[in-house]
Amino acid sequence: MTVIFATVGTSALYNRDIGKGWKREAILKSKIRSYQDNKQKDPTEWEHLFEDLVTVHAEVFQSAWDKKDHFRTSAELTSTMYLLGNNVEAAKVAKIVYLASATRESEMAARVNEAVAKKRWPKLAIARDRIEGLEAHYIEVRDAIAKVAKSHVPAGHNVIFNITGGFKGAIPSIADLARKEGWTVFYQHESLEFGVGFTYPVPSGPIQEKQWPKPTL
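Sequential numbering from -17 applies to the sequence shown in my numbering.
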């Protein structure tokens, strides 16, 4: 069985076309701008925005998929869809965990991703967690990533680490852990209708690449 991790940035909040075509699009955009400008971002004061974001993200997955939809939802959710493809079986995927950085924006985005993923893939176990110390001024975050990963992975399970979203400064640490632990690293660019998985031969050798095709919805 496999545990899938996904680092979380802020695309669930700020991606270009979030709410596009929604009946209350203008109001949502205004709320998003207000949230972005707010320095405190106290979660208790923005529950209404959280609920609206979950609604508009979930609606994206209710119709036929098009590449333009990459900008209507988050990098984490889009890449999860490409990673899972047509083989969404609880017997194969033990859990999907969205990993926030140590910022309120990323934690809000992780909440949105978790809630929408539970609606889109109700048969799968979906969770979220936080990587302590992971933000723009981080140093030596490798151990924090390893610790949170270990807490979610039972013995004998495989790991796929989705690096599409989130803080790119964490990628070297994730790649180093992937080589050490035998994890697969996955990435899906917003301009493409497929994703790519990378594995590292043990004990050494060049990266091996595998392409994930566009899922049929």
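Glycine included, every Cβ here is placed at the ideal spot set by N, Cα and C.
Only a predicted model underlies this, so the values are computations on that prediction, with no experimental measurement involved.
Margin query: Within the continuous alpha helix (DSSP H) that includes K129, where are the two ends?
Written below: Translated into the one-based positions of the sequence shown, residue 129 becomes position 147. Its alpha helix (DSSP H) spans residues 124 to 134.
Checklist line | Bounding residues of the beta strand (DSSP E) (the contiguous stretch that carries T166) | finding: Position 184 of the sequence shown, counted from the start, is the residue given in the question as residue 166. 166 to 169 is the span of the beta strand (DSSP E), which, as asked, contains T166.
Margin query: For the alpha helix (DSSP H) containing N144, name the first residue and the last one.
Written below: In the sequence shown, the residue the question calls residue 144 occupies position 162. From DSSP, N144 is part of no alpha helix (DSSP H) but of the beta strand (DSSP E) over 140 to 144.
Notebook entry, point to check: Counting along the chain, where does the alpha helix (DSSP H) carrying L174 start and finish?
Noted result: In the sequence shown, counting from the first residue as 1, residue 174 sits at position 192. Where L174 is concerned, there is no enclosing alpha helix (DSSP H), given that its DSSP letter is neither H nor E.
Item checked: Endpoints, the beta strand (DSSP E) within which D111 is located -> Here residue 111 refers to the residue found at position 129 of the sequence shown. Counting along the chain, the beta strand (DSSP E) containing D111 begins and ends at 108 to 112.
Notebook entry, point to check: Tell me which same chain residues have a C-beta within less than 7 Å of the C-beta of G177, skipping the five on either side of it?
Noted result: Taking the sequence shown and counting its residues from 1, one reaches residue 177 at position 195. Cβ within range, chain order: S61, Y64, L65, F168, Y169, Q170, W194.
Next item on the list: State yes or no: is the C-beta of A91 within less than 8 Å of the C-beta of V(-10)?
Entry: Position 109 of the sequence shown holds residue 91. Position 8 of the sequence shown holds residue -10. For A91 and V(-10), yes; Cβs fall inside 8 Å.
Check: Do you know offhand how far R161's Cα is from L31's?
Finding: Indexing the sequence shown from 1 puts residue 161 at position 179. Indexing the sequence shown from 1 puts residue 31 at position 49. The alpha-carbon atoms of R161 and L31 are separated by roughly 39 Å.
Next item on the list: Identify whether T(-8) lies in helix, strand or coil by the three-state DSSP scheme.
Entry: For this step, residue -8 is matched to residue 10 along the sequence shown. Correct three-state label for T(-8): coil.
Margin query: Can you tell me where the alpha helix (DSSP H) holding K21 begins and where it ends?
Written below: Stepping through the sequence shown from its first residue, residue 21 is reached at position 39. That residue, K21, is in no alpha helix (DSSP H); it is neither H nor E in DSSP.
Margin query: For a test of the three-state rule: what should DSSP assign to A76, helix, strand or coil?
Written below: By 1-based counting over the sequence shown, the position of residue 76 is 94. Three-state DSSP puts A76 in a strand.
Notebook entry, point to check: Mapping DSSP to helix, strand and coil, what is K162?
Noted result: By one-based count along the sequence shown, residue 162 stands at place 180. Looking at K162 - three-state DSSP - the assignment turns out to be helix.
Check: Just to confirm, are H39 and V94 a CB contact at a threshold of 8 Å?
Finding: As a working note, residue 39 is residue 57 in the sequence shown. As a working note, residue 94 is residue 112 in the sequence shown. The answer is yes: Cβ separation under 8 Å.
Check: Among the residues of its own chain, which have a CB less than 6 Å from the CB of A(-6), if the five just before and after it don't count?
Finding: To locate residue -6, count along the sequence shown from 1; it is residue 12. Correct list, in chain order: S56, A91, V94, N95.
Notebook entry, point to check: Apart from the five residues just before and just after H134, which ones in its own chain have a Cβ nearer than 8 Å to its Cβ?
Noted result: Position 152 of the sequence shown, counted from the first residue, corresponds to residue 134. The answer, listed in chain order, is V(-15), F(-13), K77, V79, A109, D111.
Check: In the structure shown, what three-state DSSP assignment does T62 receive?
Finding: On the sequence shown, residue 62 is found 80 positions in, with the first residue counted as 1. In this structure, T62 counts as helix in the three-state DSSP scheme.
Checklist line | Min CB distance S83 to chain C below 8 Å | finding: No chain C appears in the structure shown, which is made up of a single protein chain.
Next item on the list: Measure the C-alpha to C-alpha separation of H139 and A128 and round it to an integer number of angstroms.
Entry: Your numbering for residue 139 matches position 157 in the sequence shown. Your numbering for residue 128 matches position 146 in the sequence shown. Looking at the two C-alpha atoms, the distance is approximately 15 Å.
Margin query: Short of 6 Å in beta carbon distance, which residues of its chain neighbour G179, apart from the five on each side in sequence? Order them along the chain.
Written below: Numbered from its first residue, the sequence shown carries residue 179 at position 197. Closer than 6 Å at Cβ, skipping near neighbours: T166, F168, K192.
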